[in-house]
Amino acid sequence: MENKISLPHKHGENEEKVLAKLPSPEECSEVAEAFKLISDATRLRIVWLLCHCEECVGNIAAAMEMTDQAVSHHLRLLKKSGLIVSRREGKEIYYKMADSRQAELVHLVIEEMLEVVCPLD
3 MENKISLPHK HGENEEKVLA KLPSPEECSE VAEAFKLISD ATRLRIVWLL
53 CHCEECVGNI AAAMEMTDQA VSHHLRLLKK SGLIVSRREG KEIYYKMADS
103 RQAELVHLVI EEMLEVVCPL D
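Residue 3 in this note's numbering sits at position 1 of the sequence shown, and the numbers go up by one each step.
In structure tokens:
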């Protein structure tokens, strides 16, 4: 879909090219939702943990020093967004980062911003 925005002032030669590729509000909304999810410090820590290992709710809760119920709430939001996935083994549910470009980029951003080296490298 081509963007037909007309600016009242011309300040550069690339404006039309840039405006033609301007993401739609819907596309930006998807990205904003991902950033909202990781803007919470607890979810950020959970995501970082799950980038490096698969864990059950009880272990994640212990690592976060939170209740299972509180962690489950965060996990539901992260799973709904597609950043993490789960699998069931008996009564236990295990969580890990999704194998997706979005999850990979979130992992990279977290480590770059926190200046943390991946413990598995």
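The beta carbon of each residue, even a glycine, is placed where N, CA and C say it ideally should be.
In the DSSP assignment, residue 35 forms no beta bridge with any residue. Residue state for residue 66 is assigned as helix, using DSSP reduced to three classes.
For residue 20, the enclosing alpha helix (DSSP H) starts and ends at 17-22. Annotated three-state conformation of residue 6 is coil, per DSSP.
Between the stretch 22-37 and the stretch 46-58 there are fewer than three inter-stretch CB-CB distances shorter than 8 Å, so the stretches are not counted as touching. The alpha carbon of residue 121 has as its nearest neighbour, out of 54, 19, 35, the alpha carbon of 54. Per DSSP, the beta bridge partners of residue 91 are 94.
Check the Cα spacing between residue 35 and each of 14, 58, 84, 75: the tightest is with 84.
Around the beta carbon of residue 95, fewer than 16 other beta carbons sit within 10 angstroms, so the residue counts as exposed.
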